[in-house]
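K.L.:
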Amino acid sequence: MIRVSRLALVLSAGLSLSACGTISKIKPDQARPTATAAPAPAAPAGPTIDAVKPGQWPQAVSDVTPDPRVRFGVLPNGMRYAIQKNATPPGQAALRLWFDAGSLMETDEQQGLAHFLEHMAFNGSKNVPEGEMTKILERHGLAFGADTNASTGFSETAYQLDLPKTDDDTVDNSLMLLREAAGELTIAPDAVDRERGVVLSEERSRDTPGYRVFVNTFAFQLAGQRPPERLPIGQAEILKTAPAQRIRDFYEAWYRPENAVVVAVGDFDVDAMEAKIKARFGDWKGQGPAGVKPALGAVAKRGLTAKVLVEPGAQLSVQMSWVTPPDLELETRAKDKAELVKALGFSVLNRRLQVLTRSDDPPFIVGVAMQNDQEHAAQITTLAATAQPGRWKEAMTALDQEQRRVAQYGVRQDELDREIAAMRSGFVAAAAGEATQRTTALAGAIVGSLGDKEVVTSPSQNLVVFDEAVKGLTADTVSAVLKAQFAGSGPLITVPTPTPIEGVAIEGAEKTVADAYVASGKTPVAAPAAPGITTWPYASFGAIGAVAEQRDITDLDTVFVRFANGVRLTVKPTKFRDDQILVKARVGHGLLDLPTDVQSPLWAGSAYIEGGLKQISAQDMERVLNGKVWNAGLGVEDDAFSLSGRTRPEDLSTELQVLAAYATEGGWRPEAFTRIKTYYSTIHDQMETTSSGVMGRDLGGLLHGGDGRWTFPTRQQIAGAAIDQLKAAIDKPLATDDIEVVIVGDITVDKAIAAVAETFGALPTRTDTPAPAGANKAPFPAPSATPVVRFHKGRADQGQLFMAWRTDDLFANLQRARNTQILAQVMQLRLTDELREKQGATYSPSASATASVTFDHWGYLAVSVEAPPAKMDGIVASIRQIAADLRDKPVTADELDRAKKPRIDQIEKARETNEYWLGTLSGAQTDPRLLDSTRSVIAGLQRVSVADVQKAAQEFLGDDKSWTMIVKPEK
532 MIRVSRLALV
542 LSAGLSLSAC
552 GTISKIKPDQ
562 ARPTATAAPA
572 PAAPAGPTID
582 AVKPGQWPQA
592 VSDVTPDPRV
602 RFGVLPNGMR
612 YAIQKNATPP
622 GQAALRLWFD
632 AGSLMETDEQ
642 QGLAHFLEHM
652 AFNGSKNVPE
662 GEMTKILERH
672 GLAFGADTNA
682 STGFSETAYQ
692 LDLPKTDDDT
702 VDNSLMLLRE
712 AAGELTIAPD
722 AVDRERGVVL
732 SEERSRDTPG
742 YRVFVNTFAF
752 QLAGQRPPER
762 LPIGQAEILK
772 TAPAQRIRDF
782 YEAWYRPENA
792 VVVAVGDFDV
802 DAMEAKIKAR
812 FGDWKGQGPA
822 GVKPALGAVA
832 KRGLTAKVLV
842 EPGAQLSVQM
852 SWVTPPDLEL
862 ETRAKDKAEL
872 VKALGFSVLN
882 RRLQVLTRSD
892 DPPFIVGVAM
902 QNDQEHAAQI
912 TTLAATAQPG
922 RWKEAMTALD
932 QEQRRVAQYG
942 VRQDELDREI
952 AAMRSGFVAA
962 AAGEATQRTT
972 ALAGAIVGSL
982 GDKEVVTSPS
992 QNLVVFDEAV
1002 KGLTADTVSA
1012 VLKAQFAGSG
1022 PLITVPTPTP
1032 IEGVAIEGAE
1042 KTVADAYVAS
1052 GKTPVAAPAA
1062 PGITTWPYAS
1072 FGAIGAVAEQ
1082 RDITDLDTVF
1092 VRFANGVRLT
1102 VKPTKFRDDQ
1112 ILVKARVGHG
1122 LLDLPTDVQS
1132 PLWAGSAYIE
1142 GGLKQISAQD
1152 MERVLNGKVW
1162 NAGLGVEDDA
1172 FSLSGRTRPE
1182 DLSTELQVLA
1192 AYATEGGWRP
1202 EAFTRIKTYY
1212 STIHDQMETT
1222 SSGVMGRDLG
1232 GLLHGGDGRW
1242 TFPTRQQIAG
1252 AAIDQLKAAI
1262 DKPLATDDIE
1272 VVIVGDITVD
1282 KAIAAVAETF
1292 GALPTRTDTP
1302 APAGANKAPF
1312 PAPSATPVVR
1322 FHKGRADQGQ
1332 LFMAWRTDDL
1342 FANLQRARNT
1352 QILAQVMQLR
1362 LTDELREKQG
1372 ATYSPSASAT
1382 ASVTFDHWGY
1392 LAVSVEAPPA
1402 KMDGIVASIR
1412 QIAADLRDKP
1422 VTADELDRAK
1432 KPRIDQIEKA
1442 RETNEYWLGT
1452 LSGAQTDPRL
1462 LDSTRSVIAG
1472 LQRVSVADVQ
1482 KAAQEFLGDD
1492 KSWTMIVKPE
1502 K
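So for the sequence shown, our numbering puts the first residue at 532; every next one is plus one.
1. Look up I1274 in the DSSP assignment and say whether it is helix, strand or coil.
2. Tell whether a beta-carbon distance below 8 Å holds between Q910 and D983.
3. Considering only residues of the same chain and omitting the five flanking positions on each side of N747, which have a CB-CB separation below 7 Å?
4. Compute the distance between the beta-carbons of S1148 and E906, then report whether it is under 8 Å.
5. Quick one, which of T596, E637, P856, E860 has its alpha-carbon nearest G577's?
6. Please check if any C-beta of chain C sits within less than 8 Å of the C-beta of A1343.
7. Under 8 Å, do K1308 and D1387 count as touching if we go by C-beta distance?
8. Could you give the DSSP three-state label for V1090: helix, strand or coil?
9. Whole angstroms are fine: how far does the CA of G1198 sit from the CA of I1254?
10. Would you call the stretch 883 to 895 in contact with the stretch 1011 to 1030, where contact means no fewer than 3 C-beta pairs closer than 8 Å?
11. Looking only at its chain, what residues have a beta carbon closer than 7 Å to the beta carbon of G1489, apart from the 5 residues adjacent to it on each side?
12. On the DSSP bridge list, what partners appear for K1103?
13. Measuring CA to CA, which of G1236, P585, A972 is closest to N608?
14. Please determine, among T1127, Q587, L1233, R1361, the residue with the shortest C-alpha to C-alpha distance to Q1412.
15. Along the chain, where does the beta strand (DSSP E) containing Q1331 start, and where does it finish?
16. To the nearest angstrom, report how far apart M1496 and G1224 are at their CA atoms.
17. Run the CB neighbour count on Y940, radius 10 Å, all protein chains shown included, and call it buried at 16 or more, exposed below.
18. Run through the DSSP bridge pairs and tell me what D858 is partnered with.
19. Closest to L1294 by C-alpha separation, out of Q1188, Y1391, P1029, would be which residue?
20. How about the stretch 1141 to 1161 and the stretch 1067 to 1081: do they share at least three Cβ pairs that are nearer than 8 Å?
21. Count the other C-beta atoms from every protein chain shown that fall within 10 angstroms of the C-beta of P660, then say buried if there are 16 or more, exposed otherwise.
22. Just to check, is the beta-carbon of E925 closer than 7 Å to a non-hydrogen atom of the ligand MG?
23. Around the Cβ of S1071, are there at least 16 other Cβ atoms within 10 angstroms (buried) or fewer (exposed)?
24. Could you give the residue range of the beta strand (DSSP E) that holds G604?
25. According to DSSP, simplified to helix, strand and coil, what is W1134?
26. Go through the stretch 667 to 695 residue by residue and report every complete run of the beta strand (DSSP E) that reaches 3 residues or more, in order.
27. Grab the span of the beta strand (DSSP E) containing L1174 for me, first residue to last.
28. Taking the DSSP output, what are the residues bridged to E649?
29. May I ask you to report which of helix, strand or coil DSSP gives K824?
30. Between G921, A1414, E946, which lies nearest to N881 when the distance is taken from Cα to Cα?
31. What do you get for N617, buried or exposed, if any count of 16 or more other CB atoms within 10 angstroms of its CB means buried?
32. From the DSSP output, in three-state form, read off M532 for me.
33. Tell me, please, which residues DSSP counts as bridged to W629.
34. If you run the structure through DSSP and keep just helix, strand and coil, what is F1311?
35. If contacts are defined as beta-carbon pairs under 8 Å, then L1165 and L1174 qualify, I think. What distance do you get, rounded to the angstrom?
36. For E985, I'd like the list of residues in its chain whose CB is within less than 6 Å of its CB, leaving aside the five on either flank, ordered along the chain.
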């Protein structure tokens, strides 16, 4: 299984578009056709996916060899299973229960009930009373949401359990619960009624401008076909009124062993796991008649057609799509190679679009070319772009001309070679890390193969196929393959826009769009120019730095190093992930360096990296360093600015060269800042359309008393922003302040020291400048019985609540901070039980505790709830009652256990990742309290008692100590 369809999107990160489509070949001097029929499906070169029968694995029909590490099997009842031993991380496992059933299988009267059924899997079964499933899992250390989850799509439904332990009790109970979900659900009418509000809350929270654009675009592209008529969330009226029996009808028709797959990956004995699966699922039998998969409809025959979607809050964008019948050929080695060749062609086209976004006057903010299969109903290839305000025509014209340019002139060999090198580096890195792939990723890969009946393969197998596919590959071959994709029904042009186009009615606007497309086709296109020759100018930073001090932190397998120039290095070698190294360079003091009375310009911080370096642009840097594994990102932490990246052992020197160059010679190219500023110019319009958007925009500033370091920029501040403001905030700290480098991963201490000595260790000595006096003070809003109210412009039934109680910073009292964390976990349990399970008022209430390590006495415990405005008063009352009960009565031992175990297990799982240690060790050389906190965190959480939780509630959760923010719809 090689997911090449995803590879074509690598260069398009940051573009959020709704659906996909196909590009048609048109010569520069050719008028646009008025109609183009969808071609008949080409006869598959090999077997089709229908050749794989129920109860059969695709490798029985395909010539692709499956991953030898996976044991595949089939029970006599037709249920399949896949089992793989994996010890990354040790002592953990991932269980998945997958069904070949989703919203496409619903009748008209069942729309939304496949997803509703997914909810009911957690609400009572033959052997597990309603409300007990989640509690059983929590007692075994699984957190609801993080470790226990499910999802419903168009054609599949999956249940996931991530087990923190693989002892018999945990595994047996988890398999028992999956078996209950598979065939023993009660789907009681009263439980269904209680769950309606939860499902409707999910529907409400997902209904955003972007989602509505997706819905309308999908319906336009697949007109007359089933997928747009069976969106997984369904119809609100059906969700409100459907009887329990109607859900059961779907359950019995589709939740059947021949439609199911159990996946088990983890640190266990494969024979023992196989025996457990056979024993638990072997007696499962389907009930009643099996469902029959519906017809999905044929691709409509259409020519040039435009659709304008006026959606307040949507980003102005353009999508040009062509639609063809679906590719139903089963995965084979030949098909995998063909798909790789196609993906390389799309990568070239995506790279060209990226070049346009970086021009002095870009025609769009970001553009992408992609091709996807839509639920085996159609194949859609799309050129799409996020347009600058008012410039949809320029965006569409540029997309059209790039499509015609590649169709007319093809791709160059140097372009192809670049994409081969870039793509191969990804395959090589994946193969190098094969032995330490994470358990959840492996389980996800197996589940991801099921819907398309793909063969599960290993990264090393994929590398072999890639090398075979590109051996002797020429630009002419790729050009021909890419050119062949430009055919189908269309072009279907969609223009989502927040306001009417040119102030005319939709019908007139659609004609305007179509006419503009035809006019664009009359403009000749020239062959793309080859890039100039560029070399990497930052391979040397001067004389290699000397180590002045080295100290071992033996209990944490960490080494502290100080170079003669003052640069500090922290190294932690690990074997969590083969061939992976994480790097972070912390410079200066982050938010502590910024003024409190001026709005921070760091919302535009990504312009720094995108602006490249003094001696080389970001675009040229990517070309020169092609084939190497590196990246760079700028972050702003409470106490440092950070430059971070991810690499592999052989490219560590390159990664450090890149980060050191950014720390000393930022390019500050104004066009990069202009692009970010253009993107943000409509951000307020987008945020104002949902309650969560307004909450996200305003909460940070309000929670910090209006401190400019946390406030979101106003429209006026964005419009008036200049690159000099960003430069004033970060240029001096990056260029002059002290540096701490943290390296975690597959590296030795000696090699890390040598690589840093050649880069950061070679820089001139820097001054260890302290943070401004008083910068570590941050205000917190005063308690108030009257909520702060903000308004949104979205649905009248959308609302958001945030209630917080001030606590303290982490080190004011470390154990008390941990007591407060567990208090928040207990509060989460009670919120879920009361607001979700009993009242059905909300989908996902949350409670959390935050304790700063930088700002004195700054911390809080908070509750966040999405709910209709009409229910807010009742929800506030419920939250206050929960707080009162926690103050007045001790929590039960069972609650404490269910709060502590998932939290402790989450930390134990996190400690088996490089990401955890990169964050934990950041700043540890200058603040040894961080090391003490890391050493004691598990024991500290285990130490929390019933009395500690009640004491924390009594100290912090007073009704007179809370601060509340509510977002309501405009009247």
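For every residue, glycine included, the Cβ atom is placed at its ideal position computed from N, Cα and C. Small disclaimer: the values here were computed from a predicted structure and weren't measured.
P.N.:
So, from the data block:
1. For the purposes of this step, residue 1274 is taken as the residue at position 743 of the sequence shown. Here I1274 sits in strand by DSSP.
2. Start at 1 with the first residue of the sequence shown, and residue 910 comes out as number 379. Start at 1 with the first residue of the sequence shown, and residue 983 comes out as number 452. For Q910 and D983, no; Cβs fall outside 8 Å.
3. Counted from its first residue, the sequence shown places residue 747 at position 216. Correct list, in chain order: L840.
4. Within the sequence shown, numbered from 1, the residue matching residue 1148 stands at position 617. Within the sequence shown, numbered from 1, the residue matching residue 906 stands at position 375. Cβ atoms of S1148 and E906: not closer than 8 Å.
5. For this step, residue 577 is matched to residue 46 along the sequence shown. Out of T596, E637, P856, E860, E860 has the C-alpha closest to the C-alpha of G577.
6. Protein chain content of the structure displayed is limited to a single chain, and chain C is not contained in it.
7. Locating residue 1308 in the sequence shown gives position 777, where the first residue counts as 1. Locating residue 1387 in the sequence shown gives position 856, where the first residue counts as 1. Contact flag set, yes.
8. Within the sequence shown, residue 1090 is the residue found at index 559, counting from 1. Note: V1090 maps to strand in three-state DSSP.
9. As a working note, residue 1254 is residue 723 in the sequence shown. As a working note, residue 1198 is residue 667 in the sequence shown. So the alpha carbons of these two residues sit roughly 12 Å apart.
10. no
11. As a position in the sequence shown, residue 1489 is number 958, starting the count at 1. Cβ neighbours of G1489 beyond the five flanking positions: none.
12. For the purposes of this step, residue 1103 is identified with residue 572 of the sequence shown, where counting begins at 1. Its beta-bridge partners are V1275.
13. Here residue 608 is taken as the residue at index 77 of the sequence shown, counted from 1. The shortest Cα separation from N608 among G1236, P585, A972 belongs to P585.
14. Reading the sequence shown from its first residue, position 881 is the one you call residue 1412. Looking at the Cα atoms, R1361 is the closest of the given residues.
15. By one-based count along the sequence shown, residue 1331 stands at place 800. It spans 1331 to 1337 - the beta strand (DSSP E) in which Q1331 sits, taken as one unbroken run.
16. The residue labelled residue 1496 in the question sits at position 965 within the sequence shown. The residue labelled residue 1224 in the question sits at position 693 within the sequence shown. In a straight line, the C-alpha of M1496 is about 13 Å away from that of G1224.
17. Locating residue 940 in the sequence shown gives position 409, where the first residue counts as 1. The residue in question, Y940, is exposed, as its Cβ has fewer than 16 Cβ neighbours within 10 Å.
18. Residue 858 sits at position 327 when you count from the first residue of the sequence shown. In the DSSP output, where bridge partners are listed per residue, D858 has none listed.
19. Walking along the sequence shown from the start, residue 1294 turns up at place 763. It is Q1188.
20. yes
21. For the purposes of this step, residue 660 is taken as the residue at position 129 of the sequence shown. Exposed, by the Cβ-count rule.
22. As for the ligand MG, it is missing from this structure, which has no ligand bound.
23. Here residue 1071 refers to the residue found at position 540 when the sequence shown is read from its first residue. It counts as exposed.
24. For the purposes of this step, residue 604 is taken as the residue at position 73 of the sequence shown. Its beta strand (DSSP E) spans residues 601 to 605.
25. Taking the sequence shown and counting its residues from 1, one reaches residue 1134 at position 603. Of the three classes helix, strand and coil, the one that applies to W1134 here is helix, per DSSP.
26. 679 to 683, 688 to 694
27. Along the sequence shown, one-based indexing puts residue 1174 at 643. Counting along the chain, the beta strand (DSSP E) containing L1174 begins and ends at 1172 to 1178.
28. Here residue 649 corresponds to residue number 118 of the sequence shown, with the count starting at 1. The partner list for E649 (beta bridge, DSSP) is empty, contrary to what the question assumes.
29. Stepping through the sequence shown from its first residue, residue 824 is reached at position 293. Of the three classes helix, strand and coil, the one that applies to K824 here is coil, per DSSP.
30. Here the question's residue 881 lines up with position 350 in the sequence shown. Residue E946 is the option with its Cα nearest to N881.
31. Counting from 1 along the sequence shown, the entry for residue 617 is found at position 86. With 16 or more Cβ atoms within 10 Å of its Cβ, N617 is classed as buried.
32. Within the sequence shown, numbered from 1, the residue matching residue 532 stands at position 1. Looking at M532 - three-state DSSP - the assignment turns out to be coil, as it is neither helix nor strand.
33. Here residue 629 is taken as the residue at index 98 of the sequence shown, counted from 1. BP columns for W629 point to A689, V792.
34. Looking up residue 1311 in the sequence shown gives position 780. Residue state, collapsed to three classes: coil.
35. As a position in the sequence shown, residue 1165 is number 634, starting the count at 1. As a position in the sequence shown, residue 1174 is number 643, starting the count at 1. Confirmed, about 6 Å.
36. Position 454 of the sequence shown holds residue 985. The residues are M532, E862.
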